[in-house]
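Using the numbering used here, the first residue of the sequence shown is number 54, and each one after it goes up by one. Note that beta-carbon positions come from the ideal geometry of N, C-alpha and C, so glycine has one too. Since we're looking at a predicted model, the values are computed, not measured. Remarks on the structure that follows.
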Amino acid sequence: MEELIERYKAASAGEATTDGCGRHNRMDPKHETTVLQQEINLLQKGLRYIYGNRANEHMNVDELNALERYLEIWMYNTRSAKMQIMAQEIQALKSKELRSGLVLTL
Numbered sequence: 054m055e056e057l058i059e060r061y062k063a064a065s066a067g068e069a070t071t072d073g074c075g076r077h078n079r080m081d082p083k084h085e086t087t088v089l090q091q092e093i094n095l096l097q098k099g100l101r102y103i104y105g106n107r108a109n110e111h112m113n114v115d116e117l118n119a120l121e122r123y124l125e126i127w128m129y130n131t132r133s134a135k136m137q138i139m140a141q142e143i144q145a146l147k148s149k150e151l152r153s154g155l156v157l158t159l
């Protein structure tokens, strides 16, 4: 969820416009709502497609490309979280090993 919020903030900052005085104006709330609703619909359609409800859902190439980008981001984040957890566990084992006086070599 935090990743989605960060992506939203990054996208919102990228779509902000500046007026003549150099101030940043946010996107029109109605337009922003429409864009977010389209993104939600695409993700829901992709989930239905992935889980086998292909008879009712036909995705075009653009939708499949967008879904592929989201999946790549999710896989990257999942792998990163996994690597962090594994590194923490390795560090905890090394600390435990040093405290117990045993030294194991890998």
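Name the two residues that bound the continuous alpha helix (DSSP H) containing residue i.
i: asparagine 166; result: Any question about residue 166 goes unanswered here, given that the chain covers just 54 to 159.
i: tyrosine 102; result: 82-103
If you compare alpha carbons, which of the options is closest to residue i?
i: arginine 101; options: Glu56, Leu117, Val88; result: Leu117
i: glutamine 97; options: Arg152, Tyr123, Ala145; result: Tyr123
i: threonine 86; options: Ser65, Met112, Ile126; result: Ser65
For residue i, count neighbouring C-beta atoms within 10 Å of its own C-beta (all shown protein chains included) and say buried if the count is 16 or more, exposed if not.
i: glycine 99; result: buried
Is the CB-CB distance between residue i and residue j below 8 Å?
i: alanine 119; j: leucine 89; result: no
i: asparagine 130; j: glutamate 59; result: no
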